[in-house]
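Numbering (full-length UniProt numbering), first residue to last: 1 to 564.
Ideal placement from N, C-alpha and C gives every residue a C-beta, glycine not left out.
Given the structure is predicted, the values throughout are model-derived calculations rather than measurements.
Written out below as C-alpha cells is the structure these notes cover.
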C-alpha cells in the first residue's frame, strides 16, 4: 500500500507518524510523573508541565531566564511543578511558603543542588554537606567570616577596590562592567581569601579556568565529550592541580605573618574543633570559597553600578552621608611608587594622580587621552615599578609625597565606620532586593508535605524563588519594581519580617559569607562616589540575564568612567 504513495504523500505520512510518536512520548512522560505522587496524601500535585522526555523544560529555562518562571507563575500560581536538569522540581514563591521550606531544613527538606553541581564542586563542601556534617563544617568556616577576620580583610579589600577603579578611570575607552567586576572580585577572592600571589598571566589563566567551571555548574548530568559537565570537570581538575601546589607551598612556608587569609582560618579552626582537613577537603574548600565570593559578588557589584547610574539622586545622598561622617574627603595622592603588597595588575592599567575632591571636581580632559605607560615587568608574582610611577595608596595617617612634603589621609575604613553609614546600608539592601544575584535555592523533600494546598512528594526537588518573592511581596509601600532605598529606613516597617527579603537565603542554610559580601559592596560604593563619575557608553541600557546569576546579556553594560 505504501509503495503506491507518491513522494509528497509518503513524506506527509512520515511526518504525521513522527508527530504522533512525539505526542505519545510526551503524554507518557507526563503520566510517569503524575503516577509518582504520594498516594498516602489526598492532596494533588502542583499544576505545571514536565516538558519533554528526559530534557524536561531545561532548554526553555536556559533560554527564557526569569521569564520562564514569571510566565509559569502567572499561569499556575506561586507553587508549580516542572522538570529541570534531569529532576522533577517544584518552584515556590511567596514569603510564607519559603518560610516553611527554610525553617524545615533537616526535617522537611535537605539541601539539593543539581547533580552536576555536586559532581563539579565535590562532596567535601559546605554546599554538599547535610545534617551534623553541615553543622560541623559551618562552625569551622564561621571563623573565616568572623568579625576579627573581616576586620583584617577590609584594608586589603579597600586597596584592591581602589586600584581597580583607578584602572577603570584611566581607560580611554568604555569599560565592560561585568567583566571588570569579575576581575575585581576574583582578585579579592584569590589574593585576600586564599593568599595567592600570582603573576598576571597566572591570574588570567586561573580566572578563565574558574569561569569555565562556574558556567557549567548547571548542566545536564551527561559526562560525555563536549558536554557541559565534561567541561566543568576538566576545569575543576585543572583548578585542583593548581590549588594543591599552592596549598603545599603555603604549608611549607609556615610564615606566621602570612596567616591571615581564609585558608589559614579554616585550617586553624578545624584543628580547634579536633579535625585535620585532608588535601582534597582543602582543595574543595578553596574552590567553594572562590565560588561563593566571585561570581555572585561580581553580579551584585555590576547591579550596584547600574542602579546608581540610573538614580543620581541616590549617589548624592551617599556623598552627603560620607561627608557627614568625614569619609568623603580622604587625601590627595601624587605619583610616587608601585602598588603595595605585590598585587599584580591588569595589563590595561595605566595610572594618573588620584584626587578625592569635595568642592571642585576635576573632570577628565576628553580631548587628551591619558598618557600611556609601559606595563611593569612581572617576576615571582611581584609588579616591578613601571616607567611612569603609579599613585601611592593612603594606608596610614600620613603619606610622604615625592616633593618631600607629607599629605594627610584618613584612617582605613573599619567595620565600625561602615556600620554608621545607615543610608549606604539601605542602598546595598535595595540593590540586592531589586537584582538578587542568585534567583533561588534548591532543596530535596525528605518526606511528603503540604505547601499552599498541594503535596510535595518525597524525593522531589524544591526550588524556592528569591527574585519572584522580592517582586511580589505585598509588604512594600512603594511599588516593588521601583528602586527605593528608603524602604529599608528606620521610619518604615517594610524592613520588618524575615522571609519577604531573602537575598542570602535563610535558616540553617543562610549565606555564611553575607557580611563579607556586603562589606565589599559598601567599599566599592564608597570608592565609586568618592572618586569617580560614570556614564553609559551605549544608546540604551542592556537586558539582564538571570541564569545562572544576574548579569548583562553579552556583557552589554558598557560605561565610561572618569575621575573626579
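Task: Beta-carbon separation (whole angstroms), residue 214 vs residue 184, contact threshold 8 Å - done: Actually they are not in contact, since the Cβ atoms of residue 214 and residue 184 sit about 16 Å apart, beyond 8 Å.
Open item on the list: Using only the alpha-carbon positions, how far apart do residue 487 and residue 462 sit?
Closed with: 30 Å
- [ ] Quick one: grab the DSSP three-state call for residue 477.
- [x] coil
Task: First and last residue of the uninterrupted alpha helix (DSSP H) at residue 456 - done: Following the DSSP letters along the chain, one finds residue 456 in no alpha helix (DSSP H) but inside the beta strand (DSSP E) bounded by residues 454 to 456.
Open item on the list: Contact between the region 161 to 177 and the region 523 to 542 is defined here as three or more beta-carbon pairs at a separation below 8 Å; is this criterion met?
Closed with: Touching, yes, given that three or more Cβ pairs across the two stretches are closer than 8 Å.
- [ ] For residue 250, count neighbouring C-beta atoms within 10 Å of its own C-beta (all shown protein chains included) and say buried if the count is 16 or more, exposed if not.
- [x] buried
Open item on the list: With a threshold of 8 Å, are at least 3 pairs of Cβ atoms found where one atom belongs to the region 412 to 430 and the other to the region 34 to 52?
Closed with: With the rule of 3 Cβ pairs closer than 8 Å, the region 412 to 430 does not count as touching the region 34 to 52.
Open item on the list: Buried or exposed, going by whether 16 or more other CB atoms sit within 10 Å of the CB of residue 477?
Closed with: exposed
Open item on the list: Below 8 Å on the Cβ atoms is my contact criterion, and I expect residue 130 with residue 111 to pass it. Report the Cβ-Cβ distance as a whole number of Å.
Closed with: The pair is a contact, with the Cβ atoms about 6 Å apart (cut-off 8 Å).
- [ ] Put residue 503 into one of helix, strand or coil per three-state DSSP.
- [x] Note: residue 503 maps to coil in three-state DSSP.
Open item on the list: Measuring only the C-alpha atoms, how far is residue 195 from residue 115?
Closed with: Distance between the alpha carbons of residue 195 and residue 115: 30 Å.
Open item on the list: Suppose you measure from the CA of residue 85 to the CA of residue 419; what does that come to, to the nearest Å?
Closed with: 41 Å
Task: Whether residue 89 touches residue 456 by CB criterion (8 Å) - done: no
Open item on the list: What would DSSP say about residue 516, mapped onto helix, strand or coil?
Closed with: helix
Open item on the list: Do residue 233 and residue 120 have their beta-carbon atoms positioned less than 8 Å apart in this structure?
Closed with: yes
- [ ] Please name the residue in 513, 519, 547 and 546 whose C-alpha comes closest to that of residue 143.
- [x] Answer by Cα proximity: 513.
Task: Endpoints, beta strand (DSSP E) assigned at residue 559 - done: 558 to 563
Open item on the list: Contact defined as beta carbons within less than 8 Å: I believe residue 43 pairs with residue 454. What is the distance between those atoms, to the nearest angstrom?
Closed with: Residue 43 to residue 454, Cβ: 6 Å. Contact.
Task: Residue environment, residue 484, which counts as buried when at least 16 other CB atoms sit within 10 Å - done: buried
- [ ] Check whether the Cβ atoms of residue 102 and residue 505 lie closer than 8 Å to each other.
- [x] It is a contact, given that the beta carbons lie within the stated cut-off.
Task: 8 Å Cβ cutoff met for residue 301 and residue 549 - done: At the C-beta level, residue 301 and residue 549 stay beyond 8 Å of one another.
Task: For residue 167, the first and last residue of its enclosing alpha helix (DSSP H) - done: For residue 167, the enclosing alpha helix (DSSP H) covers residues 147 to 170.
Open item on the list: On the CB-based measure, 16 or more other CB atoms within 10 Å of its CB, does residue 398 come out buried or exposed?
Closed with: Because the pLDDT of residue 398 is 40, which lies under 50, any placement of that residue in the model is unreliable, and the number read from its coordinates should be weighed accordingly. That one is exposed.
- [ ] List the DSSP bridge partners of residue 175.
- [x] 559
Task: Candidates 9, 561, 508 and 517, of which the one nearest residue 193 by Cα - done: Per the C-alpha coordinates, the member of 9, 561, 508 and 517 positioned closest to residue 193 is 517.
TODO: Confirm, please, whether the CB-CB distance from residue 78 to residue 104 is below 8 Å.
DONE: no
- [ ] May I ask which residues mark the beginning and end of the beta strand (DSSP E) holding residue 47?
- [x] Segment: none, residue 47 is in no beta strand (DSSP E) and carries neither H nor E.
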